[in-house]
Structure formats: C-alpha cells, structure tokens
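Residue numbers (our numbering): 266 to 427. Just so you know, even glycine gets a beta-carbon here, dropped at the ideal spot from N, CA and C. Comments concern the structure below.
Here's what the structure looks like:
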C-alpha cells in the first residue's frame, strides 16, 4: 500500500485490522445474544495478547532495529533524555504536566549522578524500563485521518528516528 511504501511500519494497518476484528466480535455477540462470545472474555484475551505477545515483540524483536539516542560520545544527554521522557510522561499524565515531570526527572537524574557514571545510569534505564523503548515510526497519531476518535496508548506514538 502507499502507506507502507512511505512509512513501512504497519501500525495503522494493525489498528484498522484490530478495529474490524472487534466490530465483528460485537456483531457476533449481538446476533447470538452473547451465547458464544462474551465481550469481557474478548477484552481479557486481547489484554493477554498485548502483554504476552505484542510487548515482547516490541521490546525484544524490534529493539534491534532502532538506534539508541543515548551514546557514550553524546554530550547532549539532557536534551536526549527530554526527547524520550516528554512523550512518555504525556501518555501517563497528560500534556499539562508532561514538561514539569520531564524536567523533574532530568534534574533528579543529574543530581543523583552528579556528573559521574552517567552511562551506567543510562544502561539501567535501557535495561530495566523497556516501555521507554517502545517506538513506532511514521506520522504522529494526531495526523491520522483513518479512525477518528480512536485512542492509542501513548507509548505507541513515540517518535523514533530509525
């Protein structure tokens, strides 16, 4: 498709397919009065798929295809940390508090490391906080006109320059 040729991530295609699957489940549930298909069970199944399969794929299999913005030779560590933390906090607390928490987290990091062993601390973040590395390339979700009103977990909209 044109989208795959331009962006190649398939994220929106996956969302469209998931949306269609959920609509079919809803139709089946209405038609059979819930005998065979309980929406709560479907919801629980999808959460299991997300936590047991998709999270692993994003953090383990796709991780090798992305560059880390944290390198040993990079002198602009604070700005790079802000680039990672700002969209992460936006998905957790909303846009009105994201900058405050980003600056607070960066200040805390630099106060704790005091300019020493900063790369070790970044390795800790890299190894222990996989959700900060969940990235999808392509247009920001706010520019999507495919499914109006569809809400995505913010971790799936983090910019990645890969």
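CA-CA distance, residue 280 to residue 351, rounds to 24 angstroms. Here residue 347 has 367, 371 as same chain residues with Cβ atoms under 7 angstroms from its own Cβ, once five neighbours each way along the sequence are excluded.
Per the C-alpha coordinates, the member of 296, 325, 295, 343 positioned closest to residue 376 is 343.
Annotated three-state conformation of residue 297 is coil, per DSSP.
A Cβ-Cβ distance of about 4 angstroms is found for the pair residue 354 and residue 363, placing them in contact under the 8 angstroms criterion. For residue 370, the enclosing alpha helix (DSSP H) stretches over residues 363-378. Between the alpha carbons of residue 325 and residue 319 lies a gap of roughly 10 angstroms.
Judged by DSSP in its simplified three-state form, residue 305 adopts helix. The C-alpha of residue 313 lies about 31 angstroms from the C-alpha of residue 361.
With fewer than 16 other CB atoms across the displayed protein chains lying within 10 angstroms of its CB, residue 358 is exposed. Leaving aside the five residues that flank residue 297 on each side, none in its chain has a CB nearer than 6 angstroms to its CB.
Here residue 313 carries a helix assignment [DSSP, helix/strand/coil].
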